[in-house]
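Colleague:
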Amino acid sequence: QELALGAAVKKKYGTDFFMLDKYPSDIRPFYTMPDPTDDRYSNSYDMFIRGQEICSGAQRCHDPELVTKIIETKGIEMGDGLKTYIESFRHGVSPHAGAGIGLERVVFLYLGLDNVRKASMFPRDPNRCTP
Numbered sequence: 062q063e064l065a066l067g068a069a070v071k072k073k074y075g076t077d078f079f080m081l082d083k084y085p086s087d088i089r090p091f092y093t094m095p096d097p098t099d100d101r102y103s104n105s106y107d108m109f110i111r112g113q114e115i116c117s118g119a120q121r122c123h124d125p126e127l128v129t130k131i132i133e134t135k136g137i138e139m140g141d142g143l144k145t146y147i148e149s150f151r152h153g154v155s156p157h158a159g160a161g162i163g164l165e166r167v168v169f170l171y172l173g174l175d176n177v178r179k180a181s182m183f184p185r186d187p188n189r190c191t192p
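The opening residue of the sequence shown carries number 62 in our numbering; numbering runs sequentially from there.
1. Helix, strand or coil: which one does DSSP assign to I132?
2. Helix, strand or coil, according to DSSP, for G142 in the structure here?
3. Let me know the secondary structure DSSP gives P85 once reduced to three states.
4. Quick one: give me the first and last residue of the beta strand (DSSP E) that F109 is part of.
5. Pull up the distance between the alpha-carbon of K135 and that of S103, whole angstroms please.
6. Just list the alpha helix (DSSP H) runs in the region 148-189, keeping only unbroken ones of 4 residues or longer that don't cross its boundaries, in chain order.
Structure below.
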């Protein structure tokens, strides 16, 4: 589906690069901040090149009461690890976000290579686990 979306974006806008913003909250992890104007959506995004994801990011939920409510809504069991995680926010934390980029995927797609392993200095597969 992502490749078809990439083709549609290319046809309509003439670009290989695009972003999707405000993913539905119900498909995002509990720690993703809901959109403040419509909690059905989240403050999260993905970046794509030629219909393939190269980066994902989101604002983290830093409000202990809100993250507790989200965990309960998603039906996640509140174990000791999550209690400690939430408790850390009670000591004060600034709004924050993060993103993860797949640099090898960017190089692979940018250069039009036929296999992502060609963009990796030390590619891994079942037959190669060490450099």
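Glycine included, every Cβ here is placed at the ideal spot set by N, Cα and C. Predicted model, so just to flag it, every value in this text is computed and none were measured.
Modeller: Let me lay it out:
1. As a working note, residue 132 is residue 71 in the sequence shown. Three-state DSSP puts I132 in a helix.
2. To locate residue 142, count along the sequence shown from 1; it is residue 81. In this structure, G142 counts as helix in the three-state DSSP scheme.
3. In the sequence shown, counting from the first residue as 1, residue 85 sits at position 24. Note: P85 maps to strand in three-state DSSP.
4. For this step, residue 109 is matched to residue 48 along the sequence shown. Its beta strand (DSSP E) spans residues S105 to I110.
5. The residue labelled residue 135 in the question sits at position 74 within the sequence shown. The residue labelled residue 103 in the question sits at position 42 within the sequence shown. K135 and S103 have their alpha carbons spaced roughly 14 Å apart.
6. Fully enclosed alpha helix (DSSP H) runs of 4 or longer: 164-172.
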